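If you're matching positions, the sequence shown starts at 927 in the numbering used here and goes up one per residue.
C-beta: ideal position from N, C-alpha, C; glycine also.
From a predicted model like this one, the values you see are computed outputs, not experimental measurements.
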Amino acid sequence: MTRHPIVDEGILERLEREYRADGYAVVASPFDPAEVAAWQVECDRLAGLLDEADPSDPRIQSRGHRARGVVRDRYDPVTDFSPLFRGLEEDSRLLSIAARVLGAIPILLKDRLILKSAGTHGYGLHMDWPYWEWLGIPPDEIVTLMLSVDATDAKNGAIEVFAGLHRTPLPAAADDPRDLDPKAVEGLQPRLATTRAGDILLLHPTAPHRSGPNLSGGSRRIVTFIYTIDRHAGARERYYSNPSS
Ligand SMILES: O=C(O)CCC(=O)C(=O)O
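Here's what the structure looks like:
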């Protein structure tokens, strides 16, 4: 495997500062354009497999769509389906970023691909932590790295983050205790985390976030690697062996 230099110290320093203060941070792409182009080709291949995939496979999940009711939209874990993304998980640039904010050796907890094809619905206000809490890992020992396969913006459903609220207890939604009550952020303005292809959005597990529908004509694809630290070895196996994950 090609070893890439770790991300520059100055970038890591800024990233860590922003991540601690805001609960998220965006890193400009440390990848070569040819690497990102290869991700795009791989996502096209994975999107093409969806029609033939076993409809009962729990690793392929669906999402509401403006015109088609429901569409198959997520691979989780995507590394089960893609040797390219399986290799990317241990890329030294990603590991150096994860190690910096976790302060320990990162290991992969979870990974996924969200295709968000044109017309697919967005995601309501939530934080990811309540979905992982049962694992018993403190939130500061998990970090999410979202890799933009395509540029993201307001039109195609970029992630919106309520910055600086990741240490503030917020009320749960009435219809799902794992989601947040939208009233919790009434009057507050989220930050739209726009990205270029190859950029990485870091998200803290308790950062409140949401995203809009994809109203553009193309897909908005994001590959996500969620890392924990080496003292939680076995957490990935526990996570994926739980049928409700
Ligand atoms: O991809 C998106 O638009 C949002 C995904 C998200 O918020 C999540 O899976 O936690």
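For ligand 1, I want to know if R1036 counts as a neighbour, meaning its beta carbon is within less than 7 Å of at least one of the ligand's heavy atoms. As a working note, residue 1036 is residue 110 in the sequence shown. In the sequence under discussion, the amino acid at residue 1036 is Lys, which differs from the Arg named in the question. No.
Euclidean distance between Cα positions of G990 and R971: As a first step, residue 990 must be located in the sequence shown, where it is residue number 64. As a first step, residue 971 must be located in the sequence shown, where it is residue number 45. Going from the Cα of G990 to the Cα of R971 covers about 22 Å.
Proximity below 8 Å, CB of H1003 to CB of R1038: Here residue 1003 refers to the residue found at position 77 when the sequence shown is read from its first residue. Here residue 1038 refers to the residue found at position 112 when the sequence shown is read from its first residue. Reading off the sequence shown, one finds Pro at residue 1003, where the question assumed His. Cβ distance < 8 Å, so P1003 and R1038 count as in contact.
Other residues of its chain near R899: CB distance less than 6 Å, five sequence neighbours each side excluded: With the chain represented from 927 up to 1171, any question about residue 899 goes unanswered, as that position is not in the structure.
Nearest-angstrom Cα separation, counted from G1124 out to H1135: As a first step, residue 1135 is located in the sequence shown; it is residue number 209 there, counting from the start. As a first step, residue 1124 is located in the sequence shown; it is residue number 198 there, counting from the start. Approximately 21 Å between the Cα atoms of the pair.
Under 8 Å Cβ to Cβ from Q966, same chain only, skipping five residues before and after it: list those, please. What you label residue 966 is simply residue 40 of the sequence shown in a count that begins at 1. If we look at Q966 and ignore the five residues flanking it on each side, its Cβ neighbours are V1075, D1076, A1123, R1147.
Taking 7 Å as the line, does the beta carbon of K1081 fall inside it for any heavy atom of ligand 1? In the sequence shown, residue 1081 corresponds to position 155, counting from 1. No.
Here's the rule I'm using: 16 or more other beta-carbon atoms within 10 Å means buried, otherwise exposed. How should R943 be labelled? As a position in the sequence shown, residue 943 is number 17, starting the count at 1. Answer is exposed; the Cβ neighbour count stays below 16.
Give me the residue from L1114, D980, E961 with the minimum Cα distance to L901. There is no way to answer for residue 901, as the model of the chain reaches only from 927 to 1171.
Taking 7 Å as the cut-off, does the CB of G1013 come closer than this to any heavy atom belonging to ligand 1? As a working mapping, residue 1013 is identified with position 87 in the sequence shown. No, the Cβ of G1013 stays beyond 7 Å of every heavy atom of ligand 1.
Taking only three categories from DSSP, how would you classify P1108? Position 182 of the sequence shown, counted from the first residue, corresponds to residue 1108. P1108 falls in the helix class under three-state DSSP.
Could you have a look at A1025 and say whether DSSP puts it in helix, strand or coil? As a first step, residue 1025 must be located in the sequence shown, where it is residue number 99. In this structure, A1025 counts as helix in the three-state DSSP scheme.
Among R1117, T1150, T1078, which one has its Cα closest to the Cα of D1054? Start at 1 with the first residue of the sequence shown, and residue 1054 comes out as number 128. It is T1150.
For the stretch 1058-1070 and the stretch 1151-1158, state whether three or more C-beta atom pairs, one from each stretch, are separated by less than 8 Å. yes
Taking C-alpha atoms, which residue in R1000, H1130, P984, R1019 lies nearest to D958? In the sequence shown, counting from the first residue as 1, residue 958 sits at position 32. Here the closest residue by C-alpha is R1019.
Using DSSP with H/G/I as helix, E/B as strand and the rest coil, what is I1031? The residue labelled residue 1031 in the question sits at position 105 within the sequence shown. If DSSP states are grouped into helix, strand and coil, I1031 belongs with coil.
Would you tell me roughly how many angstroms separate the C-alpha atoms of L1034 and A1100, rounded to the nearest one? Here the question's residue 1034 lines up with position 108 in the sequence shown. Here the question's residue 1100 lines up with position 174 in the sequence shown. One C-alpha to the other measures close to 32 Å.
Are G1083 and S1145 closer than 8 Å when you measure CB to CB? Taking the first residue of the sequence shown as position 1, residue 1083 is located at position 157. Taking the first residue of the sequence shown as position 1, residue 1145 is located at position 219. Not in contact: G1083 and S1145 (Cβ atoms no closer than 8 Å).
Less than 8 Å between the C-beta atoms of G949 and L1114, yes or no? On the sequence shown, position 23 is the one that residue 949 refers to. On the sequence shown, position 188 is the one that residue 1114 refers to. Contact flag unset, no.
Could you name the residues of the same chain whose beta carbon sits closer than 7 Å to that of E1112, not counting the 5 residues immediately before and after it, in chain order? As a position in the sequence shown, residue 1112 is number 186, starting the count at 1. Closer than 7 Å at Cβ, skipping near neighbours: no residue.
Measuring alpha carbon to alpha carbon, tell me which of E939, V933, V952, L1073 ends up nearest R1117. Locating residue 1117 in the sequence shown gives position 191, where the first residue counts as 1. That would be V952, whose Cα lies nearest to the Cα of R1117.
Cβ atoms of D1105 and P1097: under 8 Å apart, would you say? Locating residue 1097 in the sequence shown gives position 171, counting from the first residue. Locating residue 1105 in the sequence shown gives position 179, counting from the first residue. Cβ atoms of P1097 and D1105: not closer than 8 Å.
Rounding to the nearest angstrom, what Cα-Cα distance links R1162 and P984 in this structure? The residue labelled residue 1162 in the question sits at position 236 within the sequence shown. The residue labelled residue 984 in the question sits at position 58 within the sequence shown. Roughly 16 Å separates the two Cα atoms.
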